Each structure stands twice: as structure tokens, then as C-alpha cells.
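Quick notes on the structure that follows.
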Amino acid sequence: MSMSDSALEAVNNYRSIFISDVHLGTKDCKADLLNQFLKVHRCDSLYIVGDFIDGWRMRKKVHWKKSYTRIIRKILKMSKRGVKIYYITGNHDEFLRKFANNRFDNIHLINKMTHVSADKKEFVVMHGDQFDGVTRAHRILKWIGDWGYDFLMFLNRLYNRVRAKYGYGYWSLAGYLKSHIKRAQTYIGDYEDAASHYAEKNNYDGIICGHIHHSALKTINNVCYYNTGDWVESCTALVEDFDGNFSIIDWKQTQERRKAEKKALKLASRTEDSLTIEDGETALRDAS
């Protein structure tokens with residue numbers, strides 16, 4: 001049984017699933033992992049919290065795979081089965097903002113909305129690019145987001161090809177820089193403060209957003225700050241159970257752990273087989 005087969009055995013049901021920053025149309029979109037995730041995680045409501053399609057990059061060059069089409073088909077199929085789909089627009093798919101407040105069957109296109117959790121807490125759901133202007137590190141992030149980030153991800157792809165060749169797992173260069181460069185940490189901190197302050201000021205219990213490709217589940221300024229992460233680097237999603245509890249699922253880490261477990265089981269099986277053969281040979285020698 002393959003890793004994907006074993007993953008399909010357990011289907012997890014949630015009240016709500018929140019994903020963002022898929023960036024369909026770019027080389028770094030991890031559509032295969034998202035397809036796997038959606039196969040084994042079901043929900044009553046799916047929230048796409050912006051930057052699902054990367055209109056910015058597609059204006060320059062379209063990079064489209066079959067797995068990207070499968071993602072769209074999967075979401076349309078979910079909609080037909082009764083799952084409510086809420087597409088909240090982001091800055092990379094801002095071309096859709098002028099069409100907001102429209103409904104296409106079970107798919108709602110909106111710029112911002114309120115999500116009421118199972119335990120009656122109110123969350124504002126928005127992509128989060130609206131908070132860029134109030135962060136001290138906005139200028140450098142804008143430069144990185146324009147073409148520096150593309151170059152960073154190019155280096156990331158090359159480095160991980162080498163790692164894969166020698167049997168090592170994925171390692172995020174962008175994630176490392178975010179956690180080790182002071183300017184990046186300042187931006188993330190400012191962003192989280194601005195987002196939580198917005199929620200507090202508007203009398204929400206919390207905010208659910210994306211945009212900065214950095215998942216989080218914390219309390220700031222007396223409100224809940226939840227960030228979905230992304231499907232370019234970390235491959236994370238925010239989920240809500242039927243009691244109103246939220247958690248982050250790190251799907252890439254989950255799959256890598258399963259792969260390591262499978263490898264360990266194979267190694268253990270080979271060792272056991274080897275020991276069995278040795279015992280048999282010893283018994284034959286003793287008998288002779």
C-alpha cells in the first residue's frame with residue numbers, strides 16, 4: 001500500500017476549513033499536496049482566503065499544470081455536493097474584487113466577511129494585504145514580493161532538488177529567512193498587531209487572514225489572531241471542528257512524517273527478513 005493509499009483511509013470531517021495563498025499559475029504552487037489534503041479533509045464550509053489565483057504572475061507568464069486544473073475541479077465538485085465555498089479576494093487576485101458580493105451557485109465571491117464559529121464567536125475573514133501600509137517593514141516586503149521573492153523561490157527550488165537527490169526532505173529557505181532576519185520578523189510582528197487591532201477595534205472576537213505565508217494560532221490584543229499560512233512553502237490550513245475549536249494542519253510535515261515512517265517500516269521488515277534467513281542458515285549448519 002502506497003503512502004497516498006494509506007492517507008486516503010482516514011477521512012477527517014470539519015465544520016470549516018480555511019486555506020489561502022495557493023497561487024495557482026506559478027511554479028511554486030504545491031497543488032498536488034493541496035489535492036491530497038482536500039481528498040482526506042471534508043467540511044461543511046471551505047474558505048479560500050485570497051491569492052488562490054496569482055493574477056500578478058500570470059500577466060507576465062502563465063505556468064499551468066494539470067494538478068492546478070484538478071484543484072479547481074475538486075472545489076467545483078465540493079460545491080455541487082453542498083459544501084459552501086467562500087472565496088475572499090486577495091491582492092494577487094484583486095482583478096476579482098470588482099465582481100465581489102456575487103454568488104455562483106454555492107460559491108460566494110466576497111472581499112471580506114464575518115464567520116461565526118460553532119461556539120458563537122465572530123471572526124472577520126479577510127486576506128490581509130490591507131494591513132501592509134501600517135507595517136514598518138512594508139517597503140522591503142514590497143520589493144521582495146515584486147521580484148526578490150520570485151528569485152528566493154527559484155533558489156529554494158534548486159536547493160531542494162539537490163536535497164531530494166540525496167534523500168533529504170523539503171527545507172524552506174524563505175521560512176528560514178523569515179525566522180532569522182530581524183526585518184522580516186519585524187514585519188510579521190507589525191502585521192499581526194495591525195490585524196488583531198483591526199479586529200478589536202471593530203468588536204470582533206478574532207481575525208482569520210493569510211497574505212504573509214506564515215501560519216499562526218495565537219491571542220493578540222485580547223482577540224484571536226489566526227493565519228492560514230500558504231500552499232507555496234509550508235502547505236498549512238486552518239480548521240474548525242464542530243465545537244468551535246481551531247487548529248493548524250501542517251500537511252507537508254504530515255506527509256513527510258508518513259514517508260519517514262514508511263521508510264522505517266521497510267527497513268525494519270528487511271532487517272527481520274535478513275535475521276530470519278540467518279537463523280535458517282544457522283539451523284542447516286547445525287543439522288549437518
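So the sequence shown is numbered by the UniProt record's numbering: it starts at 1 and just counts up by one. The beta carbon of each residue, even a glycine, is placed where N, CA and C say it ideally should be. These figures come from a predicted structure and were not determined experimentally.
What is the DSSP secondary structure of residue 16, reduced to helix, strand or coil? Locating residue 16 in the sequence shown gives position 16, counting from the first residue. Under the three-state reduction of DSSP, residue 16 is assigned to strand.
Could you tell me the distance, in whole angstroms, from the CA atom of residue 208 to the CA atom of residue 18? Locating residue 208 in the sequence shown gives position 208, where the first residue counts as 1. Locating residue 18 in the sequence shown gives position 18, where the first residue counts as 1. Rounded to whole angstroms, residue 208 to residue 18 spans 8 Å at the Cα level.
Beta-ladder partner(s) of residue 115, from DSSP: Counted from its first residue, the sequence shown places residue 115 at position 115. According to DSSP, residue 115 bridges with 123.
Residue 108 (DSSP reduced to helix, strand or coil): For this step, residue 108 is matched to residue 108 along the sequence shown. Three-state result, residue 108: strand.
Rounded to whole angstroms, what's the CA-CA distance from residue 246 to residue 61? Just pull it up for me. By 1-based counting over the sequence shown, the position of residue 246 is 246. By 1-based counting over the sequence shown, the position of residue 61 is 61. Straight-line Cα distance between these residues: approximately 37 Å.
Given 8 Å, three or more beta-carbon pairs between the region 187 to 195 and the region 78 to 92: Between the region 187 to 195 and the region 78 to 92 there are fewer than three C-beta pairs closer than 8 Å, too few to call the two in contact.
Kindly identify the DSSP beta-bridge partner or partners of residue 21. As a position in the sequence shown, residue 21 is number 21, starting the count at 1. Its beta-bridge partners do not exist; DSSP assigns none.
Just to confirm my understanding: we take residue 242, look at its own chain, exclude 5 residues before and 5 after, and list those with CB closer than 7 Å. What are they? Residue mapping note: residue 242 aligns to position 242 of the sequence shown, counting from 1. Residues of the same chain with a CB within less than 7 Å of the CB of residue 242, apart from the 5 flanking positions on each side, are 15 and 118 in chain order.
Does residue 206 come out as helix, strand or coil in the three-state DSSP assignment? If you number the sequence shown from 1, residue 206 lands on position 206. Three-state DSSP puts residue 206 in a strand.
Do residue 74 and residue 235 have their beta-carbon atoms positioned less than 8 Å apart in this structure? For the purposes of this step, residue 235 is identified with residue 235 of the sequence shown, where counting begins at 1. For the purposes of this step, residue 74 is identified with residue 74 of the sequence shown, where counting begins at 1. If you check the CB distance, residue 235 and residue 74 do not come in under 8 Å.
Could you pull the DSSP bridge partners for residue 43 from this structure? Residue 43 sits at position 43 when you count from the first residue of the sequence shown. Under the DSSP definition of a beta bridge, residue 43 partners with 14.
Give the range of the beta strand (DSSP E) segment to which residue 96 is assigned. Taking the first residue of the sequence shown as 1, we reach residue 96 at position 96. Unbroken run through residue 96: none, as it is neither H nor E.
For residue 166, which of helix, strand or coil comes out of DSSP? Residue 166 sits at position 166 when you count from the first residue of the sequence shown. Of the three classes helix, strand and coil, the one that applies to residue 166 here is coil, per DSSP.
For residue 121 versus residue 206, is the C-beta spacing smaller than 8 Å? By 1-based counting over the sequence shown, the position of residue 121 is 121. By 1-based counting over the sequence shown, the position of residue 206 is 206. Against a cut-off of 8 Å, the Cβ pair of residue 206 and residue 121 comes out as a contact.
In the DSSP output, which residue or residues are listed as bridge partners for residue 250? Position 250 of the sequence shown holds residue 250. Answer by DSSP bridge pairing, in chain order: 236.
How would you label residue 133, buried or exposed, when you count the other beta carbons within 10 angstroms and need 16 or more for buried? Counted from its first residue, the sequence shown places residue 133 at position 133. Label assigned to residue 133: exposed.
Need the endpoints of the beta strand (DSSP E) that residue 218 sits in, please. Here residue 218 corresponds to residue number 218 of the sequence shown, with the count starting at 1. In the DSSP annotation of this structure, the continuous segment of the beta strand (DSSP E) that includes residue 218 starts and ends at 216 to 220.
Roughly how many angstroms lie between the CA atoms of residue 46 and residue 265, to the nearest whole one? Here residue 46 refers to the residue found at position 46 of the sequence shown. Here residue 265 refers to the residue found at position 265 of the sequence shown. Looking at the two C-alpha atoms, the distance is approximately 35 Å.
Which listed residue (36, 48, 252 and 38) has its alpha carbon closest to that of residue 23: Walking along the sequence shown from the start, residue 23 turns up at place 23. Here the closest residue by C-alpha is 48.
Other residues of its chain near residue 196: CB distance less than 7 Å, five sequence neighbours each side excluded: Within the sequence shown, the letter at position 196 stands for residue 196. Cβ within range, chain order: 207, 220, 221, 223 and 225.
In three-state terms, what does DSSP make of residue 35? As a working mapping, residue 35 is identified with position 35 in the sequence shown. Residue 35 falls in the helix class under three-state DSSP.
Distance check for residue 199 and residue 68, CA to CA, integer angstroms please. As a working mapping, residue 68 is identified with position 68 in the sequence shown. As a working mapping, residue 199 is identified with position 199 in the sequence shown. Distance between the alpha carbons of residue 68 and residue 199: 33 Å.
Spatial neighbours of residue 56 in its chain, beta-carbon cut-off 6 Å, leaving aside the 5 residues before and after: Here residue 56 is taken as the residue at index 56 of the sequence shown, counted from 1. Hits under 6 Å: 92.
Pull the bridge partners of residue 49 from the DSSP assignment, please. Translated into the one-based positions of the sequence shown, residue 49 becomes position 49. 88.
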